[in-house]
Amino acid sequence: MASLAIAAAASSCFPNRDLPPGKYCFTGKAAKIRLSKRAGLNATKGPSSVCQPLPPDRPLWFPGSSPPQWLDGSLPGDFGFDPLGLGSDPELLKWSAQAELIHGRWAMLAVAGILIPEWLESLGFIDNFSWYDAGSREYFADPTTLFVSQLALMGWAEGRRWADMINPGCVDIEPTLPNKKKPEPDVGYPGGLWFDPFMWGRGSPEPVMVLRTKEIKNGRLAMLAFVGFCFQAVYTRQGPIENLMAHVADPGHCNIFSAFTSQ
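Residue numbers (the UniProt record's numbering): 1 to 263.
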């Protein structure tokens with residue numbers, strides 16, 4: 001509730017909120033939802049002039065297949081995979097591209113937050129680390145306080161991100177410097193001094209597309225890895241590095257099949 005309230009408040013000052021509503025289809029024509037009755041997404045479908053679209057002969061998810069017409073190579077990580085036609089609605093395609101981007105980034109942070117502490121524990125720097133039991137440990141505040149604080153902070157951050165999708169550049173915090181041109185709004189890639197101090201994401205369009213494609217591919221891999229970590233925790237009550245070491249030591253008995261056999 002807090003996140004929705006903050007998001008609503010963040011969008012109250014948009015000058016272009018009164019746009020025609022659109023329907024967004026998730027499974028063909030069977031199920032449709034309205035993302036908003038008073039706001040439309042202004043996020044561009046592709047990277048425009050910031051990065052170079054992929055060529056028509058780009059690698060596809062299935063060799064010899066033909067990509068849908070709405071997957072034209074302008075999005076990073078576009079391999080023509082959309083068997084259910086979820087991206088046929090232009091507005092939903094914009095939303096889905098941003099959703100995949102942010103979920104991939106969160107997944108990469110989650111995977112790093114699982115692997116690094118477990119590795120540090122193996123080196124003796126921390127004791128009794130268990131990522132799947134992190135919620136049961138005692139911290140500087142009680143669980144309710146931590147939950148409400150995180151809900152408010154996440155709601156604020158997600159509300160600003162959603163606001164930037166509707167009105168690109170409205171939440172820009174890039175400082176104004178003399179003799180320096182302010183970068184054009186690029187939804188999902190804020191750049192600037194705070195998020196791109198080395199200007200890797202604002203160079204030549206071709207390498208920018210390469211970098212963004214790598215980010216999407218690593219984000220997709222991280223999302224799958226996190227799901228795998230969850231299954232490992234449920235079936236083995238061990239972390240991923242501990243599972244890997246056990247498999248290397250005895251691959252014939254410690255593998256994916258042993259998790260489903262009776263002990």
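For glycine and all other residues, C-beta sits at the position ideal for the given N, C-alpha and C.
In summary, residue 235 is exposed, with fewer than 16 beta-carbon neighbours lying within 10 Å of its beta-carbon over all protein chains present.
For residue 210, the uninterrupted alpha helix (DSSP H) run begins and ends at 205-236, by DSSP.
Per DSSP, the continuous alpha helix (DSSP H) segment holding residue 241 begins and ends at 240-249. Annotation for residue 145: the continuous alpha helix (DSSP H) segment containing it runs 143-166.
Residue 184 sits in coil when the DSSP states are folded into three classes, being neither helix nor strand. Residue 209 and residue 76 do touch by the CB rule: their CB atoms are close to 6 Å apart, below 8 Å. In this structure the region 208-225 lies against the region 99-109, because at least three pairs of beta carbons, one per stretch, are closer than 8 Å. Scanning its chain for C-beta atoms nearer than 6 Å, with the 5 sequence neighbours on each side dropped, one finds around residue 131 the residues 114, in chain order. Apart from the 5 residues on each side of it in sequence, residue 244 has no Cβ closer than 7 Å to any other Cβ in its chain. Counting only runs of 3+ residues, no beta strand (DSSP E) is found wholly inside the region 58-146.
In the displayed model, residue 201 falls within a helix according to three-state DSSP. Minimum Cα-Cα distance from residue 107 among the listed residues 128, 79, 230, 133 corresponds to 230. Contact between residue 73 and residue 90 does not hold, since their C-beta atoms are separated by about 16 Å, which reaches or exceeds 8 Å. Per DSSP, residue 192 is one residue of the alpha helix (DSSP H) stretching across 192-195.
Straight across, the Cα-Cα distance linking residue 122 with residue 248 is about 16 Å.
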